[in-house]
Every structure is written in structure tokens, then in C-alpha cells.
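Inspection log for the structure reproduced underneath, given as C-alpha cells.
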Amino acid sequence: MRTIKINENISKLANEVIHDLKASPSPELFKCLQCGMCVSLCPAARYTDYNPREMIKKILEGDEDIISDEEIWNCFYCYTCHSVCPANINACEVNQILRQMSIKHEQGMGKIAPFLTYGESFLEMGIGSIPNAFFDRLLSDFGEEWLDLKINLDRVRKEMGLGPVVLPEDSIEEIKGILKSTGFITRLEKIRLLK
Amino acid sequence: MKEIPDSKIMLFKSCLVSVEYPGIESSSTFLFDQLGVEYHREDRQSCCTGLGHYYDLFDQVSTTALAARNFWIARESDHPNITVMCATCYAIMKKAAKILNHQTNAREEINDMLEDAGLGNMVYHKGDIDPQKNIFHVAEVLFNKKDTIEDLSKVDFSQFNIAAHHACHYCKVHYQDTLGGVRDPRLIDELAGACGVKTVGWYDQKGMTCGAGFRQRFTNLETSLKVTAEKLLSLKENRADLLLHMCPNCQMQFDRYQPVIEKRLNEKFNLFHLNISQFLALALGADPYHVVGVQTHTVPLEPMLKRLDIIQSPIKGSKLKMNY
Numbered sequence: 491m492r493t494i495k496i497n498e499n500i501s502k503l504a505n506e507v508i509h510d511l512k513a514s515p516s517p518e519l520f521k522c523l524q525c526g527m528c529v530s531l532c533p534a535a536r537y538t539d540y541n542p543r544e545m546i547k548k549i550l551e552g553d554e555d556i557i558s559d560e561e562i563w564n565c566f567y568c569y570t571c572h573s574v575c576p577a578n579i580n581a582c583e584v585n586q587i588l589r590q591m592s593i594k595h596e597q598g599m600g601k602i603a604p605f606l607t608y609g610e611s612f613l614e615m616g617i618g619s620i621p622n623a624f625f626d627r628l629l630s631d632f633g634e635e636w637l638d639l640k641i642n643l644d645r646v647r648k649e650m651g652l653g654p655v656v657l658p659e660d661s662i663e664e665i666k667g668i669l670k671s672t673g674f675i676t677r678l679e680k681i682r683l684l685k
Numbered sequence: 215m216k217e218i219p220d221s222k223i224m225l226f227k228s229c230l231v232s233v234e235y236p237g238i239e240s241s242s243t244f245l246f247d248q249l250g251v252e253y254h255r256e257d258r259q260s261c262c263t264g265l266g267h268y269y270d271l272f273d274q275v276s277t278t279a280l281a282a283r284n285f286w287i288a289r290e291s292d293h294p295n296i297t298v299m300c301a302t303c304y305a306i307m308k309k310a311a312k313i314l315n316h317q318t319n320a321r322e323e324i325n326d327m328l329e330d331a332g333l334g335n336m337v338y339h340k341g342d343i344d345p346q347k348n349i350f351h352v353a354e355v356l357f358n359k360k361d362t363i364e365d366l367s368k369v370d371f372s373q374f375n376i377a378a379h380h381a382c383h384y385c386k387v388h389y390q391d392t393l394g395g396v397r398d399p400r401l402i403d404e405l406a407g408a409c410g411v412k413t414v415g416w417y418d419q420k421g422m423t424c425g426a427g428f429r430q431r432f433t434n435l436e437t438s439l440k441v442t443a444e445k446l447l448s449l450k451e452n453r454a455d456l457l458l459h460m461c462p463n464c465q466m467q468f469d470r471y472q473p474v475i476e477k478r479l480n481e482k483f484n485l486f487h488l489n490i491s492q493f494l495a496l497a498l499g500a501d502p503y504h505v506v507g508v509q510t511h512t513v514p515l516e517p518m519l520k521r522l523d524i525i526q527s528p529i530k531g532s533k534l535k536m537n538y
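Shown next, in the form of C-alpha cells:
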């Protein structure tokens with residue numbers, strides 16, 4: 491009888507994805523029907539070459555090149571694929587896991603570098619803010635009235651009976667302590683080194 | 215239907231509500247006061263990390279560890295019913311609670327990190343927060359008070375053709391937990407219905423994302439705006455003139471970019487944008503500036519307020535002067 495020897499490592503990538511902290515319990519990756527429902531409603535698939543069905547297929551084939559595939563960065567994280575999948579696969583979450591794998595290398599690091607100031611602002615205020623790298627473009631798109639809002643925010647909020655946006659000092663210290671323990675501050679340092 | 219609380223609510227502050235549309239927060243508290251909902255706001259509460267998380271900057275451990283701290287604050291202040299104004303907070307907080315309850319290794323690892331940070335008092339115990347019974351969207355709490363809203367509603371919006379945009383991170387992420395499911399969500403439509411309005415209901419792109427796509431708005435703006443434009447065109451086809459939102463990020467994408475898209479496509483959309491809390495607050499007679507906060511919007515709302523006889527004439531000059 492003829493037997494086909496399956497590559498023992500073929501499931502390595504799939505298992506890594508399934509056991510990621512971010513993966514929903516039992517993401518059923520191996521039950522993918524390749525039906526394409528995910529692609530049919532995907533906004534990224536409509537306007538770019540991103541293809542969630544193809545992404546799952548490559549993972550099941552053990553093709554690690556998918557981690558460095560530029561197209562995975564086009565997903566909108568809208569979870570529409572997840573909401574229509576007949577096999578209950580969360581392609582959106584799988585994409586997020588692949589991007590985090592990519593961030594272990596320089597290519598992925600480069601993708602999060604423009605958002606560095608969001609993290610810095612979080613450590614200073616306990617709340618994220620619009621990443622500096624894009625501020626000027628937003629200003630030219632949104633106009634001067636939006637800048638007025640940014641400049642006068644505290645007063646506008648006060649007139650509406652709302653307090654300051656920034657957290658109390660001891661809360662900020664707690665947040666910094668937590669983000670030091672989780673390795674987030676180290677991640678930001680790595681981004682700075684890259685720049 | 216799931217049980218929705220009307221007390222011990224921690225109104226969970228949102229970064230985008232705070233800095234872009236603070237009127238969503240003051241409208242929500244106005245409504246809670248009017249409807250007898252008992253709530254609390256916490257200075258110590260941190261942002262959920264949602265935007266940073268979906269920029270791929272925040273990893274799952276960091277996001278979950280900060281959620282554990284916020285969960286502790288909610289319980290310690292005896293207001294464990296976390297109620298959010300933003301769809302991203304909704305998805306992020308539910309995910310964090312599910313991880314902390316069901317993934318023992320992750321919970322222990324995160325608790326060790328809290329101890330390392332000198333916050334041993336904040337460690338999470340399995341079941342501290344139930345993602346189904348302790349985490350809600352403001353719109354759900356309001357839905358529970360639909361009959362009272364009907365009684366208190368003062369402003370007749372029936373001259374407007376109103377459509378709803380149910381945010382993806384409310385409908386699609388934890389879709390088994392939501393009110394109205396994912397195929398044709400009607401939560402906003404029915405809330406507007408409580409004020410005597412018959413909405414557009416279904417339209418071709420009702421289920422489509424706003425197009426913000428987190429990083430896409432910044433690193434891939436052209437694609438992002440194509441998606442937003444497709445939804446706007448579908449709304450125009452249905453003659454919508456007021457779109458109701460439940461997420462400040464979606465609202466920002468439509469309200470701030472609508473004029474940009476109008477220029478690019480050489481189209482006029484004539485579409486106003488309000489969060490469902492802002493809409494209901496107006497319907498119940500709230501001040502358009504001091505409560506609803508229309509002065510922070512990009513698409514001017516004064517023409518709508520004038521048609522409703524809420525203001526006599528649009529305020530001239532800088533919108534933020536507040537000299538009215």
C-alpha cells in the first residue's frame with residue numbers, strides 16, 4: 491500500500507497560533523472549509539490583496555512566510571470575517587497573532603514604530619493620544635476648528651461639567667509599574683533603538 | 215434577554231470620547247440622571263489601551279494586566295457593572311475578563327506582574343468580573359429604560375430620515391453577548407424608535423465597518439476612506455440625513471472625514487452625526503452645547519438644531535467660544 495508521509499512540522503505554526511494567549515478558546519483552525527465567506531465581506535479584501543482565506547490556508551500548510559507577508563497589515567480588525575465564519579474561526583484574531591509574531595523581527599517593529607508616541611503618552615497620562623507622526627496630516631484634513639478643540643479642550647470640557655483628562659499622579663505611577671512588569675516599556679525602548 | 219443593571223454602574227471613561235466628543239459622556243450622565251440609573255466615575259480608571267492594542271503596539275498581556283487593575287477599581291468602589299461608551303472598550307474589556315477567568319496560566323502570570331509592581335492588593339481572582347453580567351455598553355443600559363425614554367421624550371425628530379451604524383466591536387467581536395445579534399442589529403434603531411422615530415432600518419451596507427481600521431486610517435488612508443465612502447454612498451442611496459453612532463472612533467471617521475470625502479468624490483452627503491446618547495439627550499431636552507457638546511463636531515449640527523426649533527439661529531464665529 492502507498493502511504494503519504496506528512497511533514498511532521500506542518501502543524502507547528504498552526505499550533506503556535508492556537509496556543510497564543512490572544513487566541514479564543516478552541517479557535518478551530520483545522521476545521522476551515524476554505525469556503526471564502528470571510529473574503530466575501532472583508533473590506534481589506536475588497537480594496538487590497540489581503541485574503542483571510544489564503545492566510546488561514548498558509549498557516550495550515552505550515553508556510554511561515556505568511557508572518558512576513560506585507561498583506562496581513564491591511565486587515566481592518568473589523569471582525570466581520572469572524573462574525574460570518576461557518577467553522578467559527580476568528581481570522582481577525584489570527585491576523586493579530588501573526589502581526590505580533592512579526593513584531594519579534596525588524597519588519598514588524600517598523601510597522602509599530604509610527605505609533606510609539608501613543609505608548610509614550612499612555613505612560614505619561616494613563617490615556618493614549620493621536621500618534622504625533624500623523625498629527626499634521628489630521629490637522630490638514632480636519633481643519634483649524636479641530637486644532638481649536640485640541641487647544642481649548644480643558645475649557646470645553648469644564649463648560650460641560652467634565653474634569654481633567656489626565657489621571658492622578660499615583661495612578662500614573664501604578665500604570666508605569668504594571669507596564670514595566672509586562673515588558674511594554676522594554677518594547678518601546680526597542681522601537682526607539684530601531685529609529 | 216440578558217439582564218441589564220441600572221445601579222452599581224462604573225461609567226467607563228473612553229479616550230476618544232474624552233478628547234473628541236466629550237458630549238457623549240455628558241449626554242450619558244444626563245440620561246442616567248433622568249432615568250434613575252445609579253452610576254459612578256473613577257479618576258483612577260485608565261484607558262482600556264484599545265487604540266494602541268489594535269495599532270499592534272500593546273500586546274495582549276499588557277492590555278489584560280491594565281484591565282485587571284481597572285476591574286479591581288470597579289469592584290473596590292462597589293460599582294462592578296462596567297459600562298462603556300466606546301465599542302472598542304467593550305470588546306477589549308470583555309476579552310480581558312474572559313482571559314483572566316479561563317486561562318489559569320495567564321492569570322497567574324499577570325498576578326505575579328501586579329505583585330512585582332507592588333500592587334499585590336489588585337490581583338485578580340477567577341470570576342471577579344463576569345464578562346456577560348458585568349460589562350455593558352451605555353446603549354444597553356438605555357435600552358433597558360426604553361419605556362421611560364418614551365415617556366420623557368420631548369423633541370419630535372420625525373422630519374429626519376435616521377439611520378444607524380452599529381459599531382463592529384460591539385456587534386461582531388463577542389456577538390453572542392450583544393443585544394440584537396450580528397446579522398441585522400437594531401439596538402440603535404429601537405432606541406430611536408422610543409422617541410417616535412421610524413428609522414431607515416436595513417440598508418445595503420448596514421453591517422459594513424466605518425473604515426477607520428485602527429492603523430489603516432493612519433498608514434493606509436486611501437483604502438480607509440474608500441471603505442467609508444462606500445458606506446456613505448449607501449446611506450445617501452437611502453436618503454439618510456442623520457446617522458446615529460455607538461462608538462466615538464466610528465463617529466470620528468464619519469464626522470471628521472465626511473467633508474474630505476465630499477471633496478474627493480465631488481458629492482454632497484448632507485448627513486448629520488450623533489452618538490445615540492447625544493441623540494436621546496437632545497430628545498429629552500438637554501442643552502445642545504453644555505450637555506450634548508455639538509461644538510466639538512466637524513459637520514455642523516446647528517442647521518439640524520434650527521430645524522428642530524432647539525436654537526433660533528446658528529451661532530456665528532468660532533464654534534468653541536461658547537458665548538451663548
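Protein chains in written order, with the working numbering: chain A, 491 to 685; chain B, 215 to 538.
All residues carry an ideal CB built from backbone N, CA and C; glycine is no exception.
Source: prediction; values computed, not measured.
If you look at A:Met527, you'll find it in the alpha helix (DSSP H) that goes 527-530.
Using a Cβ distance threshold of 8 Å, B:Val396 and B:Ile218 do not count as a contacting pair. By the Cβ criterion, the stretch 288-300 of chain B is in contact with the stretch 339-353 of chain B, since at least three pairs of Cβ atoms, one from each stretch, lie closer than 8 Å. Counting only runs of 3+ residues, the beta strand (DSSP E) found wholly inside the stretch 436-510 of chain B occupies 456-459, 486-489, in chain order. Using beta-carbon distances, A:Asp631 counts as an interface residue toward chain B, with a partner under 8 Å.
If you check each beta-carbon in the stretch 528-541 of chain A against every beta-carbon of chain B, the ones closer than 8 Å belong to Leu531, Pro533, Ala534, Arg536, Tyr537, Thr538. With fewer than 16 neighbouring CB atoms inside 10 Å of its own CB, A:Phe520 falls in the exposed class. By the C-beta criterion, the stretch 496-511 of chain B is judged to be in contact with the stretch 360-376 of chain B, since at least 3 inter-stretch pairs fall below 8 Å. Pairwise C-beta distances place the stretch 600-607 of chain A in contact with the stretch 618-631 of chain A, as three or more of them are shorter than 8 Å. Interface residue (Cβ-Cβ distance to chain B less than 8 Å): A:Thr676 is not classified as such.
The beta carbons of B:Leu230 and B:Met466 sit closer together than 8 Å.
Nearest CB-CB separation between A:Met545 and chain B: not below the 8 Å threshold. Taking 8 Å as the upper bound for CB-CB distance, B:Ile490 and B:Leu439 are not in contact here, some 24 Å apart. Cβ-Cβ distances below 7 Å link B:Gln259 to Phe226, Lys227, Asn284, Ile287 in the same chain, with the five nearest sequence neighbours on each side left out; the list follows chain order.
If you check the CB distance, A:Tyr569 and B:Cys382 come in under 8 Å.
In the three-state reduction of the DSSP assignment, B:Thr278 falls in the helix class.
What A:Gly609 touches in chain B, judged by beta-carbon distance under 8 Å, is Gly266, Leu271, Phe272, going in chain order. At a cut-off of 8 Å between C-beta atoms, B:Ala331 counts as an interface residue with respect to chain A. Secondary structure at B:Tyr304: helix, using DSSP grouped into helix, strand and coil. Boundaries of the alpha helix (DSSP H) harbouring B:Asn319: 318-330, taken from the DSSP string. Where A:Val656 is concerned, there is no enclosing alpha helix (DSSP H), because DSSP gives it neither an H nor an E. Remark: C-beta atoms of B:Glu252 and B:Ile223 approach each other more closely than 8 Å.
By the neighbour-count criterion, in which 16 or more other beta carbons inside 10 Å mark a residue as buried, B:Ile376 falls on the buried side. The C-beta of A:Asn580 has 16 or more other C-beta atoms within 10 Å across all chains shown, which makes the residue buried. DSSP lists B:Ile223 as the bridge partner or partners of B:Tyr253.
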